[in-house]
Structure formats: C-alpha cells, structure tokens
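22 is the number of the first residue of the sequence shown in our numbering; add one for each residue after it.
Quick notes on the structure that follows.
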Amino acid sequence: MTKEREFDVIIVGGGPGGYVAAIRCAQLGLNTACIDNFVGKDGKSSLGGTCLNVGCIPSKALLESSEHYAQVSGGLESHGIKISGVKIDVSAMIQRKDDIVSRLTGGIAGLFKANKITSIHGHGKLLDGKRIEVSSTSDPESKEIISAESIILAAGSSSIDIPCALVDGKTIVDSTGALDFDKAPKKLGVIGAGVIGLELGSVWQRLGSEVVLLEAQDEFLPVADQKVAREAKRLFSKQGLDIRLGARVTGTEKKGRKVIVEYEDKSGTQTLELDKLIVAVGRKPNTDNLFAPEAELLLDERGFIEVDSFWQTNIPGVYAIGDLIRGPMLAHKASEEGVAVAEVISGEEPELNYDVIPSVIYTHPEIAWTGQTEQHLKRAGEKIKVGSFPFAASGRAQALGETDGMVKIISHQETDQILGVHIIGPQASELIAEAVLAMEYSASTEDLALTIHAHPTLSEAIHEAALAVDKRALHIPN
Ligand code: FAD
Ligand code: NAD
22 MTKEREFDVI
32 IVGGGPGGYV
42 AAIRCAQLGL
52 NTACIDNFVG
62 KDGKSSLGGT
72 CLNVGCIPSK
82 ALLESSEHYA
92 QVSGGLESHG
102 IKISGVKIDV
112 SAMIQRKDDI
122 VSRLTGGIAG
132 LFKANKITSI
142 HGHGKLLDGK
152 RIEVSSTSDP
162 ESKEIISAES
172 IILAAGSSSI
182 DIPCALVDGK
192 TIVDSTGALD
202 FDKAPKKLGV
212 IGAGVIGLEL
222 GSVWQRLGSE
232 VVLLEAQDEF
242 LPVADQKVAR
252 EAKRLFSKQG
262 LDIRLGARVT
272 GTEKKGRKVI
282 VEYEDKSGTQ
292 TLELDKLIVA
302 VGRKPNTDNL
312 FAPEAELLLD
322 ERGFIEVDSF
332 WQTNIPGVYA
342 IGDLIRGPML
352 AHKASEEGVA
362 VAEVISGEEP
372 ELNYDVIPSV
382 IYTHPEIAWT
392 GQTEQHLKRA
402 GEKIKVGSFP
412 FAASGRAQAL
422 GETDGMVKII
432 SHQETDQILG
442 VHIIGPQASE
452 LIAEAVLAME
462 YSASTEDLAL
472 TIHAHPTLSE
482 AIHEAALAVD
492 KRALHIPN
C-alpha cells in the first residue's frame, strides 16, 4: 500500500481565497497543496476559481469592450467626434475575454510552480482527522487520500437556483451563461437587480439588447447609500435599463426559442416574452459534498461554514475563508482572509479590518463605497455630518465628459472620524482606494481636507466632499 501524501497545509479551492492562501503559505515556508476542481471552457483544469474564470475578470473584460462600443456609437459626439459604420463582432469580444481568462489562470499555475505549491486537480472532501479525499473530476471512482496539519476550506460559491426559473444553459442562464451569448439577445430579462444583474444587464444593453430587470424588493440597491442608489436608478433608467421593482417572478414557460416570464407586482400578474433570461438572485456557499458527515463540520443557520475570529471552524486546525463564510462575497475579501489564515497557521496574529472593505459595482458610471451608509448610521442613532460634491463641478470630469454622479462623505459629528464614503461617478472603483486608506488610518474629514490633491483630477471631488462636510467646499455653494 502506498503511503498517504502529507503536507503542512492543504487548501481546498483555487479561487482568490484559496490560491492566495496557498502562495502566502508557501512564502511562509509551509509545504502546501491546493486542490481545485474547476474545469475551463477547453475542458482542462483552470485555477483562479469563480473570480478569474467566470466572475470578476470575464465580466470586467466584457464591461470594458461593451463600454468602448457604447462610446464609439454616439458617446463621443459631445467631444466633436462622429463615427459612423461602427460594427460589433460579439464572438471576437467573447474570444478576447476568454484569452484574458486563459492568460490570468495560466499565470496562477505559473505562480504555483514558482512557489513550489503542489497543485492537484480534483474534488476535495474533508474527512475526519484532517484528511482530505481527492476524487478525479473525470473519474469520481479514482480517489486518493491526503492529509495535513492544517486545512483551509476555500471552495467558494455558486449561483442560487430558483424553481420558477430553472437554468437550462440555453434560454435561461446564470451569470456564467450570460458571459457567453453569441449575439446580443433582442429582448433580455434579468431576475435580480443586484450587482450581477446590473453589470451583465449593462453589458448586453450596451451591445443592443432591450433589457428588463425584475427585482423582488421594493427598494433599489438597499446595500448602497440611498442617495447614491437613487442617482444610479435615474442614470441607469436613462441609459435604457428597464428596472422593475417589487416584481416577483412566479413562473417561466419555454415557447420555441423564447421564454415567457410571469411575475407579480403591485398591479397584479404580468407577463414578458424574452429571448434570453439571466437568473442573478444571489450566490450560495459550495458546501455540498465538501465534507463527510463524520467530519462534523458546523454550518451557521444560513448554510455558511461557521468560523471564529481567526477563521478556524469548530474543528481545530481546519479553517474556512472567502465565499464559504460570513461577510460580503468579494474576491478581495477572500484573498485578504487567505493571507490572514496562512499567517495564523504560521503562528502570527493578523488582523483584518472588515469595516473598510471596498464595494464596487462596475456599471457606467461606477458605484463604489466603503464604511457605513447614511441610512444605517441614522438607524443606529449615530450623530453624523454629511458632505457631498457633484462631479458636474469638477474640471476634470467636465474635460472627460463624465459629469454624472457625486462623492458623499459621512463623518462623526463630534470626532469628525470618517464613517463612510460613497461615490457614483467616473473611476469610482479607483477613487475609493483613497477613502479606504483614510479610514484604515482612522482619518477625519479634516485630514482629507488638509491633503493636497493634484489639479485637475477626479480625486479633487473627494477633497471637496471632505470640505463640504464642514460647509467649506470651494467650488460649490455650501
Ligand atoms: P471561488 O472563486 O468561488 O473559488 C472556489 C474554487 O473552489 C472554484 O474553483 C471551485 O470550482 C473550487 N471548488 C469548489 N468546491 C471544491 C471542492 N470540493 N474541491 C475542489 N475544488 C472545489 N468579486 C469582486 O470582488 N469583484 C468583482 O468584480 C466580482 N465580479 C463578479 C462577477 C460575477 C459574474 C460573479 C459570479 C462573481 C463576482 N465576484 C466579484 C465575486 C467573486 O468572484 C467571489 O467573491 C470570489 O471568487 C470568491 O472567492 P473564493 O476563493 O471564496 O471562491
Ligand atoms: P445580489 O445579492 O447582489 O443581488 C441579487 C438580487 O436579486 C437582490 O437584489 C435580490 O433582492 C434579488 N432577488 C432575489 N430573489 C429574487 C427573485 N426571486 N425575484 C427577483 N429578484 C430576486 O446577488 P448577485 O447579483 O447574484 O451577486 C452575487 C454575489 O456576487 C454578490 O454578493 C456580490 O458580492 C458578488 N459579485 C460582486 C461583484 C462586484 O464586486 N462588482 C460583481 C458580481 C457579483
């Protein structure tokens, strides 16, 4: 009998949580193995998880390409640039997206090699006694058992299915299917006006689809600051996204190549005939078949793996990170947890500040925020001060022709410590980094006000919003 392979650390899942944890473990001198079961479009193993293969990266590639198309098809006229005869080649756009994915996922494989991480393609299942059963993705009967002192579960998440709109991969798709349409569907429905609905809805709307978003809740983007959410809804509706709130889908029926969607709203039962339907109603942790019953791993009431403040599960030496555990389902959150757990395993006591994780929605304009929203702080009875600055008053935004949106900063009325920064506007995804850094250092709006920002830049809007908190913005009346 061959001896079980043993490692210092085994990581199950090679997404931004797992692969980053593996790299950090290897940097810290631990003999590390990472098991991942993802199979790419070419039928081969592909590291990087949801984020690199079917999430952050491919969606951003299509958002960039479709935004270029929107710009050249009329979006540059205010600059005096008129372009006629613009054509799109959706298959070339999809191929570009796939090439970016291959380059980046191949890059992770290279990093694993450089860091001497043992990469195992297969499905990992936690057994008792810190052992993992690895089965082949092509032949589930072919199995190996490996063991380690420490195990990190980083198996990520998958789209939630709803029985009234079951994904068939053709007419009704999840986010993965929506990254691979061969042409812009004439009429496209999206169930869920959350982050995925807005991003992928925007991609296909820019490429020519008539897009209807059916959102069950009455409030638009309740996770965002409501001033920003209201502005976003106004701008997205102006772009042509048909956002229907309080719309609960009750059934779907296939009719030839089309799908009929039935939904209820406050006026009663409605129907829509669509060419494609995207289901984007949230994601669930991948805990199915991740652990054997005898492992006795504890989940919380929502099905996430329960962890303590050092990401340790109820089993000593077994950790969990990323989309498998509580907190926002974001790649950067998963990666930072991966680094932190590697350091915990090496005997360090890392800290991770969950209060200032940035959130970004990559629409046009982008939405980005960190910290608390005004509605949350008011509900909590906090005494706050608020300052906003519109991009319409920014010289750089005027030069860009991107004047929609604003920066809003909330600080504590007495201490002036920044409690939340909310941006809708050009490059919001990049601008938010300044706010995250400021909040990480417990800065006040006075600190931002005292910081010299280059002129003319979009970041001046952050400076002005900080000044506006004390009614001393320079380029708007206070
Ligand atoms: P994952 O990335 O899901 O990786 C888990 C890996 O483990 C996968 O490869 C999976 O196949 C594998 N696996 C699962 N079970 C097993 C098992 N038993 N054995 C072996 N392997 C297993 N986040 C952002 O921050 N920014 C964005 O712009 C963004 N865009 C997104 C766009 C879309 C369309 C989607 C769907 C998600 C997006 N996200 C974004 C969310 C982001 O992808 C996730 O939060 C992130 O990937 C979570 O990382 P993870 O490592 O926890 O899990
Ligand atoms: P989400 O939670 O952002 O949005 C889902 C929306 O669907 C919600 O507004 C919800 O009210 C609605 N909904 C739920 N059930 C419904 C139903 N039956 N009918 C109509 N509406 C319904 O989830 P998502 O958009 O699927 O994204 C999943 C996760 O992926 C998010 O948590 C997000 O963090 C992550 N993600 C992040 C990014 C980013 O960082 N830019 C991009 C994409 C995805």
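Built from N, CA and C at the ideal position, the CB exists for glycine as well.
Here the structure is a predicted model, which means the values were calculated and not measured.
DSSP three-state call for residue i: helix, strand or coil?
i              : result
aspartate 468  : helix
glutamate 294  : strand
valine 360     : helix
histidine 484  : helix
glutamine 48   : helix
arginine 124   : helix
leucine 132    : helix
valine 328     : coil
tyrosine 500   : Residue 500 lies beyond the residue range present for the chain, which begins at 22 and ends at 499; the question has no answer from this structure.
glycine 277    : coil
leucine 68     : coil
glycine 343    : helix
leucine 440    : strand
proline 314    : helix
isoleucine 453 : helix
histidine 496  : coil
alanine 489    : helix
arginine 117   : helix
leucine 147    : strand
alanine 54     : strand
serine 156     : strand
lysine 305     : strand
leucine 458    : helix
histidine 353  : helix
serine 140     : strand
isoleucine 473 : coil
serine 288     : coil
isoleucine 336 : coil
If I'm right that residue i touches residue j with Cβ under 8 Å, what's the distance once you round it to whole angstroms?
i              : j              : result
serine 67      : threonine 158  : 11 Å between Cβ atoms; not a contact.
lysine 62      : aspartate 120  : 11 Å between Cβ atoms; not a contact.
glutamate 395  : valine 407     : 6 Å
isoleucine 78  : isoleucine 167 : Incorrect: roughly 29 Å between the Cβ atoms, too far for contact.
alanine 482    : leucine 469    : Incorrect: roughly 11 Å between the Cβ atoms, too far for contact.
tryptophan 225 : leucine 242    : Actually they are not in contact, since the Cβ atoms of tryptophan 225 and leucine 242 sit about 19 Å apart, beyond 8 Å.
valine 75      : serine 196     : 7 Å
leucine 148    : alanine 313    : 5 Å
isoleucine 405 : leucine 398    : 5 Å
leucine 295    : valine 280     : 5 Å
histidine 385  : serine 223     : 7 Å
Hey, how far is the Cα of residue i from the Cα of residue j?
i              : j                 : result
glutamate 283  : valine 270        : 6 Å
serine 180     : leucine 495       : 47 Å
alanine 43     : lysine 354        : 15 Å
isoleucine 173 : valine 93         : 47 Å
glutamate 435  : serine 258        : 39 Å
glutamine 438  : glycine 392       : 11 Å
arginine 251   : leucine 421       : 23 Å
alanine 186    : alanine 82        : 27 Å
serine 463     : leucine 471       : 15 Å
methionine 22  : glutamate 165     : Unreliable placement is indicated for methionine 22, whose pLDDT of 49 sits below 50; the coordinate value is still reported in the next sentence. Cα-Cα distance, rounded: 12 Å.
alanine 245    : tryptophan 390    : 8 Å
histidine 474  : alanine 486       : 12 Å
proline 371    : valine 457        : 18 Å
leucine 221    : glycine 338       : 39 Å
lysine 24      : lysine 151        : 16 Å
threonine 290  : aspartate 329     : 46 Å
arginine 124   : methionine 114    : 16 Å
glycine 229    : arginine 265      : 19 Å
glutamate 98   : phenylalanine 412 : 20 Å
leucine 213    : leucine 219       : In the sequence under discussion, the amino acid at residue 213 is glycine, which differs from the leucine named in the question. Between glycine 213 and leucine 219, the C-alpha separation is close to 9 Å.
glycine 39     : threonine 53      : 11 Å
lysine 297     : glycine 64        : 25 Å
glycine 303    : arginine 278      : 26 Å
proline 498    : arginine 400      : 29 Å
serine 12      : valine 41         : No information on residue 12 is available, as it lies outside the stretch 22 to 499 that the chain covers here.
glutamine 247  : alanine 253       : 9 Å
leucine 320    : isoleucine 346    : 9 Å
glycine 416    : glycine 446       : 14 Å
histidine 100  : glutamine 419     : 11 Å
Can you check the stretch 72-110 for any beta strand (DSSP E) of at least 3 residues that lies completely inside it and give the ranges in chain order? Annotation: the stretch 72-110 contains no complete segment of the beta strand (DSSP E) (minimum length 3 residues).
What alpha helix (DSSP H) runs, 4 residues minimum, are completely inside the stretch 372-428? Whole alpha helix (DSSP H) segments, 4+ residues: 395-400, 416-421.
Collect the residues with a C-beta less than 6 Å away from any heavy atom of the ligand NAD and give them in sequence order along the chain. Ile183, Ile212, Gly213, Ala214, Gly215, Val216, Ile217, Gly218, Glu220, Leu235, Glu236, Ala237, Gln238, Arg269, Val270, Ala301, Val302, Gly303, Arg304, Pro349, Met350, Leu351, Val381, Ile382, Tyr383
In chain order, what are the residue ranges of uninterrupted beta strand (DSSP E) at least 3 long that sit wholly in the stretch 162-187? 164-174, 178-180
Kindly provide the ranges of any alpha helix (DSSP H) runs that are 4 or more residues long and lie completely inside the stretch 178-262, ordered along the chain. 196-199, 216-227, 247-260
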